[in-house]
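First residue of the sequence shown: 657, per our numbering; consecutive thereafter. Just so it is clear, CB atoms sit at the ideal spot from N, CA and C, and this is done for glycine as well. One structure is given below, encoded as structure tokens.
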Amino acid sequence: MNNATAIDTDLRQRKPSPPSLRTDLPFVASNAAEAFSKRRLRLYDAVNVADKRNNEERIGFSGLSKFVENQSVKVFLKMGTNPSELFTRLRLAKDGVKLDDNPVFIRWLQYVYQYREKSLKSFYDEEIVDLLRNSKSDDELVTLFHNLRQVPEMKNLADKLQRTLLWISPTSNQMMNEVWLKNKQTPEEVFKILNLRDGPLDVENKVFLDWLRYTEFYRAEKGINSFSELQTMHYLLETVPMIEAKYGAVFQTLKEIPELKKLAESMQTSLFQRSTHVLKTDPKKFGNLLASPREWQSILDLPKHDPNFQTLEAYTLKYAKDFGGDAVLEKVKRLFARNDLEAAVAAAMKAS
């Protein structure tokens, strides 16, 4: 690959963006376009000819090839041609034009980067997706972005465009799930595509909820032992470090979502099992972790419908059951019912 590949890809755009949508946009030299041309679709097939009788209305093979060359791009950059205008001039929006396996489209994406890098004007990821949505359906774009991901130099950009499409059009998640399943994308890989490592993992994060749903689809397709509920919990703990007790509260809130309730209950049970029997965490210590940086007693002042209160109560009841059996469990339940909360925690701890 030529020296162009060494260009710094930190775009430093100033426009605010939705969480987790901004990532580095790669630059791909012309040999990436050449690699594309070796695939099934020829360059000529990338252009839809609306009127075959009028040669002046056509962009032929030589014209498109010239655009792929760096010199041609430099001319457009010098003129300050807006990517949207160039997209139209290249007839990429014409009916029937295929963007898959299309080196001109790849080169246009490179042009967008160079346009940004030259600080001519901003052209954001949302604008790319909005422009493409003018001529392509969301389903077509889901497939396009997935296929674009198969080109190593374009993988990061493809992931970013998938996230942007999901943010702009939440209903596209169903088609994304189908494409991911068809192409055997593991939940771990989809987690990376969605860039969830940097986002909050809670019920307010719709992309996180979409990912959890995908793990369910994946298990249904591949079998219950394929990325099991236990594996899902461990993957979250290992991938996005957080105080484990606070994950307990996340799972508590997820139980309010009907289609995720079973998964959330399973993950919370496994988390509690790990805390009680592996980490040897008693209810007070668990409460301190959950309330951090405050003390565990502060949770007892919360409303009973608060997720932290419900999580500490659920943990205390499991602790009582595991170490004291049904008799201690019933005693702790009665104390919680009478609002004798500190006594309930103390009674559970005496069982160990």
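With distance defined between alpha-carbon atoms, name the residue in A1003, Y891, F992 nearest to M923. Y891
Verify whether the separation of the beta carbon atoms of D795 and R805 is less than 9 Å. no
Please report the distance separating the alpha-carbon of E986 from that of A1003. 11 Å
Could you tell me the distance, in whole angstroms, from the CA atom of E783 to the CA atom of I899? 38 Å
8 Å Cβ shell around K840 - same chain, five flanking residues per side excluded: none
Hey, how far is the Cα of S884 from the Cα of T744? 47 Å
Taking 9 Å as the threshold (C-beta atoms), are V1001 and L968 in contact? yes
Range covered by the alpha helix (DSSP H) that runs through H890: 885-895
Exposed or buried, what is A876 when buried is set at 16 or more other beta-carbons lying within 10 Å of its beta-carbon? exposed
Starting from the N-terminal side, write out each stretch of the alpha helix (DSSP H) that is 4 residues or longer and does not extend beyond the segment 765-837. 781-789, 794-804, 811-824
At what residues does the alpha helix (DSSP H) containing I849 begin and finish? 843-849
Where do the N-terminal and C-terminal ends of the alpha helix (DSSP H) with S922 fall, by residue? 917-929
Coarse secondary structure for A976, derived from DSSP in three states: helix
What's the gap between the Cα of T972 and the Cα of D786? 51 Å
Using 9 Å as the threshold, is the C-beta distance between L733 and Y780 below it? no
Would you report the Cα separation of R763 and K941, rounded to the nearest angstrom? 57 Å
Apart from the five residues on each side of it in sequence, which residues of its chain come closer than 6 Å, Cβ to Cβ, to N622? With the chain covering 657 to 1008 only, the question about residue 622 has no answer from this structure.
Flag this pair as touching only if the segment 946-953 and the segment 972-983 have three or more C-beta atom pairs under 8 Å; answer yes or no. no
Following the continuous alpha helix (DSSP H) through L946, name the residue where it begins and the one where it ends. 939-947
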